[in-house]
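Here the structure comes first, spelled out in structure tokens, and everything after it is commentary.
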Amino acid sequence: EAAMASDGACQFRSFSHQLYQTPDHHLWVRHHVVEHMARHRDRYAMYFDGAAELDRWLLRMRAPSEWGDEVTLKAFSDLFGAVVHVVCSTSSRWYLKYEPPDAQQPRHVFLSYLSPVHYNSVVLAPSQRVRAAGYTYTPHPDLPRGPAPLQTQWTTTG
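Taking the UniProt record's numbering, the leading residue of the sequence shown gets 1, the next gets one more, and so forth.
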């Protein structure tokens, strides 16, 4: 597990770490997730009590230290074509999974959530990256162009 800073941006730092092996591109990830939601309001309107609430939420979410939530988990999944796996610290909802609607070969990202306030990025130790729990960690050539040169993906092996 890679610990993220506790500054309100931990979910986006975790996404950045999963995509680019560094939390430093969290603002870039946040920007694209929020803009994706603004462009596809119809997909996310059901999570809000009207257009005005969605507008206020989008405005707040643009702030660098606003906490990500389950809606941003879903939007990240949709935008990046990723299956998002979240292991939680609560026994009643210990595992959450968000899947993109149309991805034929989705990448997989893994986060931990310390309820109710903090996300971390879940990664394998370098010596264990060959295979673990049916997933293989390999370079991924098709990630959206981002601010970092090294891009990776988790794929199923079984």
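Every residue gets a Cβ at the ideal spot worked out from N, C-alpha and C, and that includes glycine. In this text, all values refer to a predicted model and were calculated from it rather than measured experimentally.
Residue closest to residue i, alpha-carbon to alpha-carbon, out of the options
| i | options | result |
| --- | --- | --- |
| Ser92 | Ala38, Ser115, Asp78 | Ser115 |
| His26 | Cys10, His36, Arg39 | Cys10 |
| Pro64 | Ala2, Arg30, Pro101, Asn120 | Arg30 |
| Val117 | Gln105, Ala75, Glu70 | Glu70 |
| Arg41 | Ala75, Leu19, Pro23 | Ala75 |
| Met37 | Gln105, Asp55, Leu124 | Asp55 |
Test item: CB-CB of residue i and residue j under 9 Å
| i | j | result |
| --- | --- | --- |
| Val122 | Ala103 | no |
| Tyr119 | Met4 | yes |
| Gly81 | Arg107 | yes |
Buried versus exposed call for residue i [16 or more other C-beta atoms within 10 Å across all chains shown]
| i | result |
| --- | --- |
| Met46 | exposed |
| Ser6 | exposed |
| Gln18 | buried |
Spatial neighbours of residue i in its chain, beta-carbon cut-off 7 Å, leaving aside the 5 residues before and after
| i | result |
| --- | --- |
| Glu66 | Gly8, Arg60 |
| Trp57 | Phe48 |
| Phe12 | His26, Val29, Arg30, Gly68 |
| Ala32 | Here residue 32 turns out to be His, not Ala, going by the sequence shown. Only Leu79 meet the Cβ criterion. |
| Ala2 | His17, Asn120, Ser121, Val123 |
| Asp24 | Ser16 |
Same chain, Cβ closer than 6 Å to residue i, five either side skipped, listed in chain order
| i | result |
| --- | --- |
| Leu73 | Val84, Tyr98 |
| Ser89 | Leu114, Ser115 |
| Arg62 | Val34 |
Contacting residues, own chain, Cβ-Cβ under 8 Å from residue i (five flanking each side not counted)
| i | result |
| --- | --- |
| Pro101 | Asp78 |
| Val87 | Trp94, Tyr95, Phe110, Leu111, Ser112, Tyr113, Val122 |
| Tyr44 | Met37, Leu54, Val71, Lys74, Ala75 |
- Query: What residue ranges within the segment 32–79 form continuous alpha helix (DSSP H) runs of no fewer than 4 residues, ordered along the chain?
  - Reply: 41–44, 51–61
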